[in-house]
Structures are given as structure tokens and as C-alpha cells.
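Number of protein chains: 2
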Amino acid sequence: MGDALVHKEHLLVVFFQPISPQLLGIIQSKFPQAEVSTLSLPRGETIPSEYAREATLLVTFTNLPNPEDAQNLKIIHFLSAGLDHSLHHPIIRETSIPVTTSSGVHGPPIAEWTVMNWLVASRKYNFTYENQKKHNWTGVNEYVQDIHDNVGKKVGILGYGSIGRQIGRVASALGAKVYAYTASPRSTPSSRIDNGFIVPGTGDKDGSIPVSWHHGTDKASLHEFLSLGLDHLVISLPLTPETTKFLGAEEFALLSARATPGHPKPYLTNISRGKVIDQDALIQALKAGSLGGAALDVTDPEPLPEDHPLWDMPNVQISPH
Amino acid sequence: MGDALVHKEHLLVVFFQPISPQLLGIIQSKFPQAEVSTLSLPRGETIPSEYAREATLLVTFTNLPNPEDAQNLKIIHFLSAGLDHSLHHPIIRETSIPVTTSSGVHGPPIAEWTVMNWLVASRKYNFTYENQKKHNWTGVNEYVQDIHDNVGKKVGILGYGSIGRQIGRVASALGAKVYAYTASPRSTPSSRIDNGFIVPGTGDKDGSIPVSWHHGTDKASLHEFLSLGLDHLVISLPLTPETTKFLGAEEFALLSARATPGHPKPYLTNISRGKVIDQDALIQALKAGSLGGAALDVTDPEPLPEDHPLWDMPNVQISPH
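Chains A and B, in that order, give the protein sequences. Each residue of the first sequence is one higher than the last, beginning at 2 in our numbering. Each residue of the second sequence is one higher than the last, beginning at 2 in our numbering.
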């Protein structure tokens, strides 16, 4: 019996907020043989010894144990796609515990967030929501005016990774045309394949959805892409020194100038990092009407200060990263 | 010159609200050879003689001319999918002027409205919208809790016509599984084809999207369908004597009882007619939590009275048909 207890897996899930009993139940049902415990810790804080020492399997976002507390640990699974925040941690550098990440899982939720924002903006959801609060049916004439659908719209995706591909998949289902942009050239079919984990039934494994592929890390290549007459620009790039303020006044002007006449002005979606765009230039472009609107899951800085002008812009939708 | 004037086409567009100059420009650009004029009339009102007599091409929603004013008219195109509202009009009964409808064009906008409402509900959009109004970033912990995506969700579509098919297409792109329900059996591949007009790049021409097809006009068939463990039920049925109050307390209870454990309770979308559901039973099911929410583009009656309890239900999203 002692042996049985020693060999029972102990799954420890650490997150920055409490795990709901419902979610705990789902996790337990996936690991019926294991003991499952959860722990809520502030981001980056070390997992206390008494929890770490019992765990054989660790699922975590940013919290890690000290190496001396990891004697039973067989695997560390990160809830994040990247490991940049933890690469220098002693448990990664000094032990050989296998590490897995959640790279690939963020396509569906972030694509849903993106498309939700497009539709909320283009179909005037806020207008009907406010009318519902007022018990007001009669806005229908005002409501119908200037609603556009996505059929034939041109969606440019800067950074065609697992998230960009799922956005492409949904955009294509809506009848839109997808234009992919990557740092390196993808001129052969094999170079267009997504070799990472793909949530079944989603994404664009073969890279067959885009009507055309574009690439480059220089401004000239970017400007060529922004001149395609895009209705949507989705920014899904990693933040690097090269991509810092990659899009500014000049890029927004170009995007606006090449927009299809009769269509609304281009809509910008940023799911990357706030610093990828020149945020002051974005505000100017929105105020001037050269961009039609923006959905921002990221800002610069975060949290966005309470007195920041972005909050009150009517054509901007902000969510807290 | 007189002949040239007589032969120039004159396109008259009649709608219940003014056509914007932007939209007029788009119409004019599609018919560069024709004179285009627009007219705004209350629904159902007769087109005055002085307008009707000049028109060679008429595009209309509900307004028609008297037959004696239609001497130059070559075609009548309806902006609606059906003609039930106009079948008894003398211009339809007593003349041989060709008539076309817009059947098939409503898939994209109504599918967008449907999916927008799903995502607004499941991704707590109202919460971020209200937080943005308060300049409040800090709700992120509360925000992340209980957000679900559509991967693996079961979407049942009652009435798999042009609108249902486009909803199916987008649902499938989101990673959901689609279950089709039709009145008559569709057991052969050819019976599943959509032979109507399809907006290019949308819909489900071959009927290949559903994981299974179901049919029937009786309660037993409906109940079998509602027992599939659906996460979404979309009602896209025509209103007939048979479909009046087709869904009531018994159906909502069944839908709820067979929902997948650990998932949110089923979400109902009604894009058909308000009378297809027993609205009081719907309110009870929502209050009791046996349904997770509802998106209603149609109600009974319309407009919904100002003091109606539906307006204030937190999990109901209403738009004015």
C-alpha cells in the first residue's frame, strides 16, 4: 500500500487565479488515476516547497519550484506558448526535467476574440446592446444603415502562425480573402505547412487558405503588403527589436490610401504586443478617420492608465490582454 | 436623341428608409448605363404613378406600383427572400412582368449576426465593454474565468437552408460539429445539394459540412434531434401552422437534460419568427438556468413591448429583426 501511494501520480496545477471547482472536476476526469491539487500564486512567485515536493506532474503558467524541491517531478507543462519568461530559471537550466508548452492552443480563443470584435464593430453590436438596456426596439432604421458583411473583404494577417491561421480559417468561412505575411519566404508548399500542434478541426495545416503569401522584415516589404487594399489588418507578430513600432503613421496612411473605395476604412486588430505599433500614431489615424477602428488586446503600457485617450475612442475595443 | 432617351434603362430602388449617397454611388457604378433613382416609402405603400411610370427596372422590398403604371417595367427584383407578402398583389397576379427575389443573399449577414452573438455571450464581451467605459483594465481575472471556445461544440441547425448552411460553415471553421435538421429526408448526396443562389465563397453547396443529417415534422423526430447533446440550437425554420410553438417547455427541458456535463447549458438562437417558440417557456427555461442564453432577432410580438421581461434578462441578446 505504501508503494501504491508512492507511485500514484500527483498533478499540481498552478495559476494566478483560483481554479474553479467545475474546471477542477474536468481536469480530474481527464486524470482519473492521479491526485490533482491546485494552487493560486501571484505571477512569477516560487512554488512553496511543501507543494512542489509532492508533485510528480506540474502544470504552470509562470510559477516554478526551486530545483531542490523537484525530486519527484517528471514533467513541467507550461500554459503559455513561449518560455521566454522562464528560460533562465534554475529548474530549466540546471535540471533535465522534460518541459512542454501550450504552443498551438491559442488559435481558437484568440481567433474567436478577433472575429467577435470585427463583427461587434461592423454590425453595430454596441448600438443594439444599449438599445436593449433602454427597452428600445425602434432603432431598426438607424441600425440597418452602414452594416457591412465580410464577403469579399481582404484580410491581411501579419504573422501567419497558429493564431493567424485560425483567424484565416474563420475569415475565409465568412467569405473573406486572406493574405498571409511571414518574416521568411514561404515559396514552396512544404514551407507553408504548420508543423506545430494544431487543435483538431481548426487552423490551416497546409497553408492553403491564403490567396497570396508575402514576406520580409524590411519596411519596403511591409509597405507592399499594406498596399494590397486590405479591409482588415491583423497584427500577430512577435515583439523583437525589429518589430518595435513596426507600424506607425506612414504605415497607417498607406493602409488607408489603398483601401477599396466604397468600403469602410481598414480595421486594425492587434493581438501581438502594444509596442509593435506606434500607439500615438494609431490614435491620430483613428481620430482622422483614416482607420475605421481597432480591436486591441494589447496596449502600451499595460494596464492602460485610467486617463489614457484610447479608452474613450468610439471605434476602439479594448480587452485586458 | 429622343429614341436614346426612351431606351435608356431607368432603375428605381424603393426602400423603407433613405438610400445613403454612398450606397447610391455603389449602385450607380454597377449600372453605369442606367439612370438610377431612389425612393423612400413606408412599408407596403403603393409606388406613386409619377415614379412607377418612368421605371424600366424596379428593385423593391415591399412597395409595388399599380399595374396601369407599369407599362415600361421589364423586371421586378425583390430585396426579400420570399414573396408571401406580395403574392396577391395585382402586379404579380395580373401582369407577366418577370419577378426575381433575393433568396440566398441572407446567409452571410445572418450567419455573422448569429456567430457574433455566440461569441459576445461566451467571451463576455459586455463585461469588457462596460469595463472600457469605466477605463477599467483590472477585471482580467474575473474576465478569464468561464470563457469557453467553440472547439468540439455541437451546433444543431433546425432548418438547413441558405442561412443555416452559412452558419454551419462558420461554426465548422470555429472547430464545432454541425448537425443539420430538415423537414424532408436528405438521405442521398444529391438531396443535400443547395440548388439556390449562393453568395460566392460562402455556404455549404454540397451539404458536406454536417456530421449528421436529421429530419421530420413531428415532435418525436424533433425530440431525437434535441437529444444529441447540443451546445447550440439555431432555429432557422419557416413559420407555418406546423412550426408555430414548435419549441416549448418540453423541448427546452430535453435540450438541457442532454447537454454535455461540464459545458455551459445550451444556447438558443432564433433567426426564424418569434412564434416558432413558446416565448413564455423560453423565459422560464432561461430563468431556471436550463438554457444558458439566447440570441433573438425575432420576438413575439414585434416590436417587443417596452415592459416585456425579455429586455432585462442578462443572458438574452435582442436585435430588432
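Quick reminder that beta carbons are idealized off the backbone N, C-alpha and C, glycines included. No experiment lies behind these values; they were computed from the predicted model shown.
Contact list for residue i against chain B, beta-carbon separation under 9 Å
i	result
threonine 139(A)	Pro304 and Pro321
Span of the alpha helix (DSSP H), counted from its first residue to its last, around residue i
i	result
tyrosine 52(A)	50-53
lysine 220(B)	220-227
threonine 39(B)	Where threonine 39(B) is concerned, there is no enclosing alpha helix (DSSP H), although the beta strand (DSSP E) it sits in stretches over 36-41.
asparagine 271(A)	No alpha helix (DSSP H) contains asparagine 271(A), which is instead part of the beta strand (DSSP E) from 268-271.
phenylalanine 253(B)	250-258
lysine 288(B)	280-288
valine 171(B)	163-174
leucine 159(A)	First-last for leucine 159(A): 155-159, but that is the beta strand (DSSP E), not the alpha helix (DSSP H).
valine 116(A)	108-123
isoleucine 93(A)	91-94
isoleucine 28(B)	22-31
phenylalanine 128(A)	126-134
Unbroken beta strand (DSSP E) run spanning residue i, endpoints
i	result
glutamine 318(A)	317-319
tryptophan 214(A)	213-216
lysine 178(A)	178-183
glycine 294(A)	294-297
valine 14(A)	11-16
isoleucine 194(B)	Unbroken run through isoleucine 194(B): none, as it is neither H nor E.
leucine 58(B)	58-61
isoleucine 76(A)	76-79
Burial state of residue i (16 or more Cβ within 10 Å)
i	result
aspartate 4(B)	Low confidence applies here, because aspartate 4(B) scores a pLDDT of 46, under 50, leaving its location unreliable and the question unanswered by this model.
glutamate 252(A)	buried
proline 315(A)	exposed
proline 306(B)	exposed
phenylalanine 32(B)	exposed
leucine 6(B)	Interpretation of leucine 6(B) is limited by its pLDDT of 47, a score under 50 that renders its predicted location unreliable; no figure is taken from the coordinates.
phenylalanine 16(A)	buried
alanine 258(A)	exposed
serine 192(B)	exposed
arginine 94(A)	exposed
leucine 88(A)	exposed
methionine 2(A)	Only weak support is given to the placement of methionine 2(A): the predicted model assigns it a pLDDT of 41, under 50, and the question is left unresolved by the model.
threonine 44(B)	Note on residue identity: the sequence assigns arginine, not threonine, to residue 44(B). Burial call: exposed.
glycine 293(A)	buried
proline 321(A)	buried
glutamine 318(A)	buried
alanine 169(B)	Residue identity check: residue 169(B) is glycine in the sequence provided, not alanine. Classification of glycine 169(B): buried, given that the 10 Å Cβ count is 16 or more.
serine 228(B)	exposed
proline 66(B)	buried
Per-residue contacts from residue i into chain A (C-beta, under 7 Å)
i	result
arginine 170(B)	Ala174
valine 200(B)	Val152 and Gly176
Partners in chain B for residue i, counting only beta-carbon separations shorter than 8 Å
i	result
histidine 86(A)	Chain B residues near histidine 86(A): none, gap ~17 Å exceeds 8 Å.
Within chain B, partners of residue i - CB distance below 7 Å
i	result
glutamate 307(A)	His136
Proximal residues of chain A, C-beta to C-beta of residue i below 8 Å
i	result
leucine 283(B)	Correct list: empty, because the minimum Cβ distance to chain A is about 16 Å.
valine 116(B)	Val116 and Leu120
glycine 263(B)	Gln23, Gly26, Ile27 and Ser30
Residue-level contact to chain E via CB, residue i, 7 Å cutoff
i	result
leucine 305(A)	This model lacks chain E altogether; the protein chains it does include are A and B.
Item to check | Selection of the segment 234-257 of chain A by Cβ proximity to chain B, strictly under 9 Å | outcome: Under the 9 Å Cβ criterion, the segment 234-257 of chain A contributes no residue.
Checklist entry - Counting Cβ pairs closer than 8 Å, one from the segment 148-165 of chain A and one from the segment 107-121 of chain B, do we hit at least three? => result Touching, yes, given that three or more Cβ pairs across the two stretches are closer than 8 Å.
Item to check | Under 9 Å (Cβ pairs) to chain B, residues found in the segment 123-134 of chain A | outcome: Ser123, Arg124, Tyr126, Asn127, Thr129, Tyr130, Asn132, Gln133 and Lys134: these are the residues of the segment 123-134 of chain A whose beta carbon lies less than 9 Å from some beta carbon of chain B, given in chain order.
Item to check | Interface residues of the segment 201-222 of chain A facing chain B [CB-CB below 8 Å] | outcome: Per Cβ criterion, the list reads Pro201, Gly202 and Thr203.
Checklist entry - Given 8 Å as the limit, is there contact between the segment 226-239 of chain A and the segment 160-178 of chain A, that is, 3 or more CB pairs closer than that? => result Contact between the segment 226-239 of chain A and the segment 160-178 of chain A is present, because at least three Cβ pairs lie under 8 Å.
Item to check | Interface positions of the segment 89-113 of chain A facing chain B (Cβ-Cβ less than 7 Å), listed along the chain | outcome: From the segment 89-113 of chain A, only Pro109, Pro110 and Glu113 have a Cβ closer than 7 Å to chain B.
Item to check | Contacting positions in the segment 13-38 of chain B - beta carbon closer than 9 Å to chain A | outcome: Here the close residues are Phe17, Gln18, Pro19, Ser21, Gln23, Leu24, Gly26, Ile27 and Ser30.
Next on the checklist: For the pair the segment 175-184 of chain B and the segment 275-287 of chain B, tell me if three or more CB-CB distances fall below 8 Å.
Outcome noted: Result no; under three Cβ-Cβ pairs closer than 8 Å.
Item to check | the segment 70-83 of chain B touching the segment 46-57 of chain B, judged by at least three CB pairs closer than 8 Å | outcome: At 8 Å Cβ cutoff, the stretches touch.
Next on the checklist: To be precise: take each residue of the segment 55-80 of chain A, compare its Cβ to all Cβ atoms of chain B, and keep it if any distance is under 8 Å. Which residues remain?
Outcome noted: So nothing in the stretch comes that close.
Item to check | the segment 117-131 of chain A in contact with the segment 255-271 of chain A per 3-pair CB rule at 8 Å | outcome: Counting C-beta pairs closer than 8 Å gives three or more between the segment 117-131 of chain A and the segment 255-271 of chain A, which meets the contact rule.
Next on the checklist: Below 8 Å, how does it come out for the segment 196-203 of chain B and the segment 95-105 of chain B: are there three or more Cβ pairs, yes or no?
Outcome noted: The answer is yes - the segment 95-105 of chain B touches the segment 196-203 of chain B, with three or more Cβ pairs under 8 Å.
Checklist entry - Is the segment 200-212 of chain A touching the segment 241-252 of chain A in the sense that three or more CB pairs, one from each, lie closer than 8 Å? => result By the Cβ criterion, the segment 241-252 of chain A is not in contact with the segment 200-212 of chain A, since fewer than three pairs of Cβ atoms, one from each stretch, lie closer than 8 Å.
Checklist entry - Can at least three beta-carbon pairs, one atom from the segment 128-142 of chain B and one from the segment 293-310 of chain A, be found at a separation below 8 Å? => result The answer is yes - the segment 293-310 of chain A touches the segment 128-142 of chain B, with three or more Cβ pairs under 8 Å.
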